[in-house]
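Residue numbers (the numbering used here), protein chains in the order written: chain A, 191 to 536; chain B, 191 to 536.
Printed below as a string of structure tokens:
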């Protein structure tokens with residue numbers, strides 16, 4: 191909720207006009223990276239790269255980290271689109287798929303040893319199903335040679351994964367960071383760098399301006415290969431600074447409290463049921479409820495009183511409501527939504 | 191220069207928070223496209239696509255429009271980087287290269303018939319050398335089967351090419367459109383669509399979320415495959431509207447007048463010489479002068495009185511000055527720069 195103030199300040203300081211080869215830009219870049227590293231607990235082995243979206247990162251992972259084969263845990267629209275992306279790049283994208291609202295049972299997984307990368311979607315935004323971190327860590331233990339990739343799109347930084355136990359993770363800034371869309375954050379470790387170099391050395395193509403080696407070459411100078419979304423990088427530097435000041439513990443406590451309030455409302459409202467049956471798999475940041483009435487009616491009624499609820503994703507548009515529970519959403523705001531959900535009659 | 195006002199209005203209207211799957215977004219998208227089509231004189235055979243940068247478009251052209259071989263007219267850092275991009279994608283990027291400040295003499299070109307795409311850089315931003323449009327049209331006549339690609343990065347819309355005589359063109363919005371960086375505009379015709387489909391049908395990979403067919407599938411619905419830079423699309427819709435109101439003829443007249451003023455100053459100032467010798471090849475939008483003194487001194491002196499001049503590109507940083515002459519720069523502003531350049535003693 192500090193974004194608007196920062197955006198106004200950016201205009202005053204002429205941020206949209208600064209050159210991406212200037213010292214002023216390098217300082218913004220450096221602050222964004224060091225704040226993200228502090229916030230997420232990243233070490234020297236981790237590198238932070240910037241793309242234009244998390245969608246772009248799917249493609250960059252396909253180019254740089256998979257030469258032939260990947261394995262995807264699929265439980266909704268976003269995990270499925272990542273798998274499709276890899277297939278579109280002409281690579282063998284294998285998967286285990288479960289119904290919407292569930293997460294893949296890792297005990298039943300049969301991942302071939304030939305897999306180069308195993309993909310988790312920590313928080314499947316389309317369904318609000320959340321893969322327990324312990325599942326990811328167990329697969330890490332069992333597959334030490336493979337790369338582990340984790341989609342943290344609507345989870346980071348409100349969900350704290352141990353980045354030392356995975357190889358690459360990514361998110362976009364319009365979810366938990368509350369920024370305008372148009373920037374993706376890609377975290378990689380040294381094993382990812384080695385993989386990209388090995389594909390390149392074997393004569394493969396890993397892309398051009400946004401291949402890992404080309405991005406890193408600029409990143410060490412606090413620059414980007416292309417003219418980037420300077421304004422959003424500035425806002426990211428500011429907002430991550432605010433988050434550090436507030437403290438991540440506090441942000442997580444509030445997220446957990448607000449999600450408990452929302453799920454309680456889902457249980458109490460006669461016309462709602464949480465989509466995700468197992469409480470352990472329920473997303474803290476994107477709770478989803480199945481509605482017994484057309485959800486567009488509920489959404490329209492709430493809009494009249496200034497409360498914005500999300501529709502279901504894709505084919506579930508009128509069957510579900512999805513509520514964003516990001517750090518930018520205050521306790522008071524979430525409590526008001528929960529109260530209204532319980533009071534409403536349909 | 192209307193951008194700041196539009197940005198403030200965007201904040202009031204909560205544009206940074208709107209969903210890219212909403213009607214409000216579709217309306218912004220549709221306005222941006224139809225304004226660009228009017229402004230550039232595009233017909234039904236032309237399609238406008240959005241990427242995150244012109245750098246990205248180089249890669250997308252490589253993936254979608256070149257299966258084996260391209261030919262590049264290289265005369266500076268940007269035309270050279272496009273060639274490198276195609277080579278990085280594992281394709282045969284041939285070229286004719288001339289010194290900085292010159293343009294390739296098309297009469298001396300030997301382009302193989304096996305070339306699938308011929309690349310022009312209409313305005314080489316690193317040197318201020320501008321390829322005459324007639325050169326491009328002559329190559330079009332001679333190579334009817336090939337695709338003609340034109341880099342219009344710092345030229346459009348102040349330079350009016352006949353888009354019916356080329357197959358694809360591209361630019362970014364932070365130059366002549368005066369917007370914050372983070373958006374590329376890619377114009378393609380139906381021949382480009384056919385080429386991408388033919389590569390795909392022959393088993394080639396044309397990328398994933400930003401392949402031509404995937405982008406077009408969303409574009410017809412006024413949407414994008416990924417969560418785009420919504421704020422910049424809004425600003426582009428507004429600024430292109432302002433440009434249409436002002437009239438492109440007027441914008442071009444002013445651009446020509448201001449560039450004449452700047453080149454006259456380069457001739458008159460004893461310490462400056464236009465980098466581009468042949469007046470026919472001199473860029474209207476990015477005039478570059480060679481300085482007999484360290485240009486960083488001139489730039490610092492001008493900065494003291496609030497006038498921002500650009501340094502030379504790359505290795506010419508302290509040897510050249512580059513002056514952006516975009517629609518956002520007023521006649522008065524350019525006249526003041528020119529007067530000061532002539533008055534100054536070094």
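No residue lacks a Cβ here, since even glycine has one placed at the ideal position from N, Cα and C. Please read these numbers as outputs of a predicted model, since none were measured by experiment.
Item: Coarse secondary structure for residue 405/A, derived from DSSP in three states; Value: helix
Item: Sub-8 angstroms separation of residue 465/B and residue 318/B beta-carbons; Value: yes
Item: Cross-chain neighbours of residue 206/B in chain A, by beta carbon under 7 angstroms; Value: 370
Item: Sequence ranges, alpha helix (DSSP H) only - wholly within the stretch 259-329 of chain B, length at least 4; Value: 267-278
Item: Below-8 angstroms beta-carbon distance, residue 392/B vs any chain A residue; Value: no
Item: Secondary structure of residue 397/B, DSSP reduced to three states; Value: coil
Item: Simplified DSSP state of residue 451/A, which is helix, strand or coil; Value: helix
Item: Three-pair Cβ contact test at 8 angstroms for the stretch 310-328 of chain B versus the stretch 430-439 of chain A; Value: no
Item: Cβ contact check for the stretch 243-263 of chain B and the stretch 364-380 of chain B: 3 or more pairs under 8 angstroms; Value: yes
Item: Partner residues on chain B for residue 254/A, Cβ-Cβ distance less than 7 angstroms; Value: None at all; the shortest Cβ gap to chain B is about 12 angstroms.
Item: Coil, strand or helix - residue 195/A by DSSP; Value: helix
Item: 9 angstroms Cβ cut-off: residues of chain B touching residue 420/A; Value: 364, 370, 371, 372
Item: Sufficient close CB pairs (3 or more, under 8 angstroms) joining the stretch 326-344 of chain A to the stretch 357-365 of chain A; Value: yes
Item: Cβ of residue 517/B within 8 angstroms of any chain A Cβ; Value: no
Item: 8 angstroms Cβ cutoff met for residue 323/A and residue 294/A; Value: no
Item: Alpha carbon of residue 400/B to alpha carbon of residue 523/B, nearest angstrom; Value: 39 angstroms
Item: Beta-carbon proximity list for residue 221/B, same chain, < 6 angstroms, skipping 5 on both sides; Value: 427
Item: Chain A residues whose Cβ lies nearer than 9 angstroms to that of residue 311/B; Value: By Cβ distance, chain A contributes nothing, its closest Cβ being about 16 angstroms from residue 311/B, past 9 angstroms.
Item: 8 angstroms Cβ cutoff, residue 210/A in contact with chain B; Value: yes
Item: Supposed contact pair residue 409/A and residue 239/A - C-beta distance, whole angstroms, cut 8 angstroms; Value: 6 angstroms
Item: Cβ-Cβ distance between residue 208/A and residue 420/A below 8 angstroms; Value: yes
Item: Three-state secondary structure (DSSP) of residue 372/B; Value: coil
Item: Where residue 403/A falls, given that 16 or more other Cβ within 10 Å makes a residue buried; Value: exposed
Item: Chain B contact residues for residue 306/A, given Cβ-Cβ distances below 8 angstroms; Value: Correct list: empty, because the minimum Cβ distance to chain B is about 17 angstroms.
Item: Residues bridged to residue 237/A (per DSSP); Value: 378/A
Item: Chain B residues whose Cβ lies nearer than 7 angstroms to that of residue 477/A; Value: Under the 7 angstroms cutoff, chain B gives no residues; its nearest Cβ is about 18 angstroms from residue 477/A.
Item: Pairwise C-alpha distance: residue 474/A and residue 210/B; Value: 23 angstroms
Item: Status (buried if at least 16 other CB within 10 Å, exposed otherwise) for residue 483/A; Value: exposed
Item: Chain A within 8 angstroms of residue 278/B, Cβ atoms only; Value: yes
Item: Coil, strand or helix - residue 211/A by DSSP; Value: coil
Item: Contact set between residue 397/A and chain B, taken where Cβ atoms lie within less than 8 angstroms; Value: 249, 278, 279
Item: According to DSSP, residues forming a beta bridge with residue 512/A; Value: 478/A, 500/A
Item: CB contact check: residue 415/A to chain B, cutoff 8 angstroms; Value: yes
Item: Meets three-Cβ-pair contact criterion under 8 angstroms: the stretch 273-287 of chain B and the stretch 248-261 of chain B; Value: yes
Item: Rounded straight-line distance, which links the Cα of residue 257/B to that of residue 392/B; Value: 10 angstroms
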